[in-house]
Amino acid sequence: VQSEVGSKADAASTNIFFLVYGGTIVFLMQLGFAMLTSGFVRMKNINNILLKNLMDASVASICWYVLGYGFAYGVSDHRSNAFIVLESPHADAASHVPCLFSTFTQHHPYSIAYITTFSSMSSAPPVLPSSHIHEYYFFQWAFVATTATIVSGGVAERITFVGYMSYVVWMVSWVYPVVAHSVWATGGWLHGFVSYAVPEAWYAFNPGSQLAVATPANAAIVARNAVTTTLAAASGGITCLFFKFWRSGQLCVLSTCNGLLSGMVGVTAGPSLVEPWAALICGAFGALVFYGSEIVMHKLKIDDPVGAWSVHGAAGIYSVIFIGFFAKHDYVKEVYGNPVSSRRYGWFYGGHGQVMLCNIIELIFIILWVGINFYLLFGLLYVTKKLRVSAGATKHLSELTGHQTGNYGGSCLCTLVG
Amino acid sequence: VQSEVGSKADAASTNIFFLVYGGTIVFLMQLGFAMLTSGFVRMKNINNILLKNLMDASVASICWYVLGYGFAYGVSDHRSNAFIVLESPHADAASHVPCLFSTFTQHHPYSIAYITTFSSMSSAPPVLPSSHIHEYYFFQWAFVATTATIVSGGVAERITFVGYMSYVVWMVSWVYPVVAHSVWATGGWLHGFVSYAVPEAWYAFNPGSQLAVATPANAAIVARNAVTTTLAAASGGITCLFFKFWRSGQLCVLSTCNGLLSGMVGVTAGPSLVEPWAALICGAFGALVFYGSEIVMHKLKIDDPVGAWSVHGAAGIYSVIFIGFFAKHDYVKEVYGNPVSSRRYGWFYGGHGQVMLCNIIELIFIILWVGINFYLLFGLLYVTKKLRVSAGATKHLSELTGHQTGNYGGSCLCTLVG
Amino acid sequence: VQSEVGSKADAASTNIFFLVYGGTIVFLMQLGFAMLTSGFVRMKNINNILLKNLMDASVASICWYVLGYGFAYGVSDHRSNAFIVLESPHADAASHVPCLFSTFTQHHPYSIAYITTFSSMSSAPPVLPSSHIHEYYFFQWAFVATTATIVSGGVAERITFVGYMSYVVWMVSWVYPVVAHSVWATGGWLHGFVSYAVPEAWYAFNPGSQLAVATPANAAIVARNAVTTTLAAASGGITCLFFKFWRSGQLCVLSTCNGLLSGMVGVTAGPSLVEPWAALICGAFGALVFYGSEIVMHKLKIDDPVGAWSVHGAAGIYSVIFIGFFAKHDYVKEVYGNPVSSRRYGWFYGGHGQVMLCNIIELIFIILWVGINFYLLFGLLYVTKKLRVSAGATKHLSELTGHQTGNYGGSCLCTLVG
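Heads up: the protein sequence lines correspond to chains A, B and C, in order.
So in the numbering used here, spot 133 of the first sequence is number 227, and the numbers just go up one at a time.
So in the numbering used here, spot 309 of the second sequence is number 403, and the numbers just go up one at a time.
So in the numbering used here, spot 155 of the third sequence is number 249, and the numbers just go up one at a time.
Here you go:
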């Protein structure tokens, strides 16, 4: 196991280590979200929340394996397009992608229902090392699972279990992969646009997003991400604390938490593109965007128990706009390779507005794509009365549950279908 | 501190980093187990559980240092055997092993009671770098501590403090090292058998088990471990959720958690040897094995508050059998170097059954060794009435505790001896 | 993103990865401290504690960016001194330091109030890669934030919000940087003294302190740190458990936790300088130092709800003394490069007492510097009546808070100023 003395570490291996580490830490956010949401809802709904969070990570990992990852990052050739990968033409390429869909399309391009038999498996040509892409599956899975989980807070105490599971399947198998392929995959129509982009803006662990660490430039970017994320969170939390205090005379823990999150979301579109002082500004305004959005949500009487829209939606949109102003020329060059002479950087540094334009196009595309798809899904759930929990359903619960375990004041950790 | 520009990272150093990282993350499982077990037991026993978990990690680290690590992985020569290392013949070799036992046997081979004096220490020859093996001690310690902790759930609310501490000392100093040396150490009689093996099946963080990451093949294996562990957990959790719902009409958080764990345990015998789709199958059946075992346990009226046997024992046994069927030829070649022509791989891929045979032999050895040793220990504890908490003891508790601190509804975080 | 096959990982990059990893894990301690302190205080003060912990990390990150990091580690030349960095003479050097103060002094050496304009930013010369020091900012920030947090336990339920925030600003901007520069920075007057030193003794994650992992010697030190920290914690916890049991007949979880912490603090002055067996001794006596200090504190009627002084102060002082006895010659040579012939190592190994003398000088300097500064700050807060919460203030709270959210038995997660 021990390497020979004097041999050097492989760069690709160090990157894999970095991705496995990053995915593991991002996955810790599931714990954080479970605790955050549990802290916001009533005691009787905690079991429901915990079950949703366990299930969305589980269902996401399977949907991501069966369809999502292949749609988003499968290796493609002539039949692919700029939005999605529909088949993997090369057998050896497809075998690198840990996605059931790609495995199928590799053999029978037009039939997703083809079941590979054991005999065919044993005759497949040996490819060594055959799994170079597993680390991407794992890292991207931690993202997509986090993205799915965020919504669980926004619909806490409201949505049925069936409705929530439908959302997760639709999100991970279809909606997210198209955005991911468009923005991040080589060949995606928005690839190369300046921005880590909106879905990534929905989580808070930026350093891993550079995907590689083994060269000096990459490592410097990773370190800068850590710094700007920290500073944006700090100024967001402090801003929200004082703003809330000014408005209501209260020092509020919940507002501070959401301010911290909003600050991080606010910088997530490009944590490596801004200076540390800009991250401070970014976080402060991100917190104000959150606060303003919360006021609007209350005025419009839109129900969002944990403020998920205000934190992740409003501050996420703000984030891509912010980058349009504050992306620094040197950093854009370092991250994307654009020469400074192209003037593709933030307006405040003298850029010509391409970054802002690209980001707005990207934003409109994502809002339309996600909006239409979920309008269809939730509309279908609504008309079939699978969307909302009825007022009686939760009351009914305590009478129907059979055995009583756990510490939650006699309540049971088992819950019934919405 | 900063390296010179252009110099490359040492492979051995990157592996040490990987092991320290892995040990740290595995140790996080102590927190998970503490929370899991606390969630299953009655409020009044939480203090007891937390104390047991703190103590088993502490006692394990000392026993592992004084005896266990030396027995399992000490450097040995002519007097060693295939089960255990009884002495370290070379002074320079022994000084690499952070184990008190090895340090002793280095100087006086037949006397464990020899106390190294300060004068002798200062005259020892300088060896630089003298601690290349510390990372193994640390990583393996995180394992053995986790293994010890798992049992704390199975005996929660039942065993006395003295009984539990006796179990930890016996486990870490004697029972586990023999299994570890037999299966994993060079020279162990089961070394090279196909399987990460049962004790490793008792924990859930597989990527670290490859022990190295600095070469492309190792890194690919690490990444595949992360993927298959994720998918097995997901399918285990979902399977258990639906199976429980079908049987009882309840959506049960506790069953889902145990299903997730059973799925991970189910794939742990060889997460790098199976395809991702096989991990899905593995996790689903692992959850059913757990479920079936729970039914049997209830029928037999065997007391296991958190289902530790069903999750870690039953699903662990299932795991090594599963590998006998599903170990893929390419992956066995990648991990163990066996040429495909040897046909040492899973039956479903056309292997000749050696893998299955080896695994069953290993299983029988481990069950016999562990069974006999703990039969002796627990028998001794039983006849001396040190094993079970008497019904009156816990009641007695609240009267005897002196001061009242903490948030647990007036209960005290102090507890009396069983 | 993927590196070319066969290319090797850069050593500097691997070190950056290690620092980002280390900072992330150290920051997890914030969660641990929040839970520890919450477990010690009364239910009604939990919100207050959580808010303080959120705020000290936030305020620390900004103060560390604006002043602290520049004071401690800014690049300096002729105008620097052995205690603090007051300006960064070279433009290109300063741009590497993510500290607002350094950025300012770079342009206008004597004016901290100079606001860099956007126009000047866009004309700054491009420096690539321009952020090699971000990882140090991040890692050191995790330390200073932890140091600040520790005190929150010691003043839990007692100090006002304004008083606590004043403490954090003073600590992170001024008190800590002078200690850090003196002890750790090149050019600091205590630099090269043998000891990781007292402020570092106030946290518990030692492996990261080596700052680099990419060479074999560094990696070996990292691994040894992990082992000695583990063993010292274990023996500290066990010692405290039994000592408390002997004194009071109780098996106490809280004492065990503080014993574990005291053991880790006790070895933190030099975890890489002692043998594993010495770490066992170190932890045991560290726990006794904690226990003795607690008895003295109670006799003197000094109020410290969580025992923060006894764990971090008393055991921290003990730690630097311990190193004076037990620093091993080979390890001192490995870590600091002192030749064994200089006899600069522990007295028990035949050293000539320089280590002990240096550590005592360092200790006296730190105690005087920290003591005088906080005497001034807390004195000012005391005479302006901003220091202590009045008895009525907390009662008043429940009447004034407006809305009721969260699970804490009807209490609100919002709290009022002091």
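The beta carbon of each residue, even a glycine, is placed where N, CA and C say it ideally should be.
Got a sec? Which residues, its chain only, sit under 8 Å from residue i by beta carbon, not counting five neighbours each side?
{"i": "Val262/C", "result": "Met149, Asp150, Val153, Ala154, Cys157 and Ala242"}
{"i": "Phe442/A", "result": "Phe419 and Phe420"}
Kindly list, in the order they appear in chain B, the residues whose Cβ is closer than 7 Å to that of residue i.
{"i": "Asp104/C", "result": "Lys102 and Ala103"}
{"i": "Trp235/A", "result": "Thr324"}
Which of the three DSSP states is assigned to residue i in this structure?
{"i": "Ser492/C", "result": "Summary for Ser492/C: the model assigns pLDDT 38, below 50, so the residue's position carries little reliability; its value from the coordinates is reported in the next sentence. Looking at Ser492/C - three-state DSSP - the assignment turns out to be helix."}
{"i": "Arg341/B", "result": "helix"}
{"i": "Ile253/A", "result": "strand"}
{"i": "Arg318/C", "result": "helix"}
{"i": "Lys102/B", "result": "strand"}
{"i": "Asp171/B", "result": "A caution first: Asp171/B carries a pLDDT of 46, below 50, which makes its placement in the model too unreliable to give a value."}
{"i": "Met215/A", "result": "Confidence in Met215/A is poor, its pLDDT being 32 and thus under 50, which makes the residue's placement unreliable; the coordinate value appears in the next sentence. Helix at Met215/A."}
Could you work out which residue in the options is closest to residue i when comparing CA atoms only?
{"i": "Val269/C", "options": "Leu481/C, Val464/C and Gly360/C", "result": "Val464/C"}
{"i": "Asn352/B", "options": "Gly343/B, His406/B and Tyr412/B", "result": "His406/B"}
{"i": "Cys376/C", "options": "Val390/C, Met358/C and Gly386/C", "result": "Met358/C"}
{"i": "Gly360/A", "options": "Gly330/A, Tyr159/A and Arg136/A", "result": "Gly330/A"}
{"i": "Met265/A", "options": "Ile389/A, Ser342/A, Ala320/A and Ala166/A", "result": "Ala166/A"}
{"i": "Ala328/B", "options": "Arg341/B, Trp340/B, Ser342/B and Leu355/B", "result": "Leu355/B"}
{"i": "Gly473/A", "options": "Gly257/A, Thr362/A and Gly116/A", "result": "Gly257/A"}
{"i": "Phe127/A", "options": "Asn147/A, Met137/A and Phe112/A", "result": "Asn147/A"}
Could you tell me the distance, in whole angstroms, from the CA atom of residue i to the CA atom of residue j?
{"i": "Val273/A", "j": "Phe177/A", "result": "7 Å"}
{"i": "Val114/C", "j": "Val120/A", "result": "14 Å"}
{"i": "Ala487/C", "j": "Glu251/C", "result": "Residue placement at Ala487/C is flagged as unreliable, the pLDDT there being 49, under the threshold of 50; the coordinate-derived value follows with that caveat. About 11 Å."}
{"i": "Arg482/A", "j": "Asn139/A", "result": "14 Å"}
{"i": "Ala381/A", "j": "Ile253/C", "result": "27 Å"}
{"i": "Met129/A", "j": "Val400/A", "result": "12 Å"}
{"i": "Lys479/B", "j": "Val135/C", "result": "38 Å"}
{"i": "Leu161/C", "j": "Gln234/C", "result": "13 Å"}
{"i": "Ala408/C", "j": "Ser387/C", "result": "7 Å"}
{"i": "Ser349/C", "j": "Val368/C", "result": "26 Å"}
{"i": "Thr322/C", "j": "Asn312/B", "result": "28 Å"}
{"i": "Phe459/A", "j": "Cys452/A", "result": "11 Å"}
{"i": "Leu471/C", "j": "Ser107/C", "result": "41 Å"}
{"i": "Gly364/A", "j": "Phe336/C", "result": "53 Å"}
{"i": "His423/A", "j": "Gly440/A", "result": "7 Å"}
Against residue i, what residues of chain B qualify as contacts under a CB-to-CB distance less than 9 Å, listed in chain order?
{"i": "Gly313/C", "result": "Note on identity: in this sequence residue 313/C is Ala, with Gly being the wrong assignment. Ordered by position in chain B, the residues that pass the 9 Å Cβ test against Ala313/C are Asp104, Ala106, Ser107, Thr108, Asn109, Ile110, Phe111, Val114, Pro223, His226 and Glu229."}
Leaving out five residues on either side along the sequence, give the residues of the same chain with a beta carbon under 7 Å from the beta carbon of residue i.
{"i": "Phe402/B", "result": "Note on identity: in this sequence residue 402/B is Ala, with Phe being the wrong assignment. Counting only Cβ-Cβ distances below 7 Å, and skipping sequence neighbours, we find Ile244, Val245, Gly247 and Gly248."}
{"i": "Met259/A", "result": "Met149 and Val153"}
{"i": "Leu325/C", "result": "Pro370, Ala373, Leu374 and Gly377"}
{"i": "Met391/B", "result": "Asp398, Trp403 and Ser404"}
{"i": "Ile110/A", "result": "Glu229"}
Within its chain, find whatever has a CB closer than 6 Å to the CB of residue i; leave out the 5 residues flanking it on each side and keep chain order.
{"i": "Arg318/B", "result": "Ser366"}
{"i": "Cys346/A", "result": "Lys338"}
Which residues in chain C have a C-beta closer than 9 Å to the C-beta of residue i? List them in chain order.
{"i": "Asn139/B", "result": "Per Cβ cutoff of 9 Å: no residues; Asn139/B is ~12 Å from chain C at best."}
What I want to know is whether the C-beta of residue i ends up closer than 7 Å to one or more non-hydrogen atoms of the ligand MG.
{"i": "Gly447/B", "result": "The model depicted lacks the ligand MG and carries no ligand whatsoever."}
Taking residue i as the query, report the chain C residues whose CB atoms sit under 8 Å from its CB, ordered along the chain.
{"i": "Ser329/A", "result": "Ser152 and Ile156"}
{"i": "Phe255/B", "result": "Leu345"}
{"i": "Trp264/B", "result": "Under the 8 Å cutoff, chain C gives no residues; its nearest Cβ is about 17 Å from Trp264/B."}
{"i": "Met149/B", "result": "Gly331, Ile332, Leu335 and Thr350"}
Please list the partners that residue i has in chain C, where partner means a Cβ-to-Cβ separation under 7 Å.
{"i": "Thr118/B", "result": "Ile119"}
{"i": "Phe232/B", "result": "Ala317, Ala320, Val321 and Thr324"}
{"i": "Leu145/B", "result": "Leu345, Val347 and Thr350"}
Give the residues of chain B in contact with residue i, contact being defined as C-beta atoms less than 8 Å apart.
{"i": "Leu130/C", "result": "Neighbours of Leu130/C on chain B: none; closest Cβ ~11 Å, over 8 Å."}
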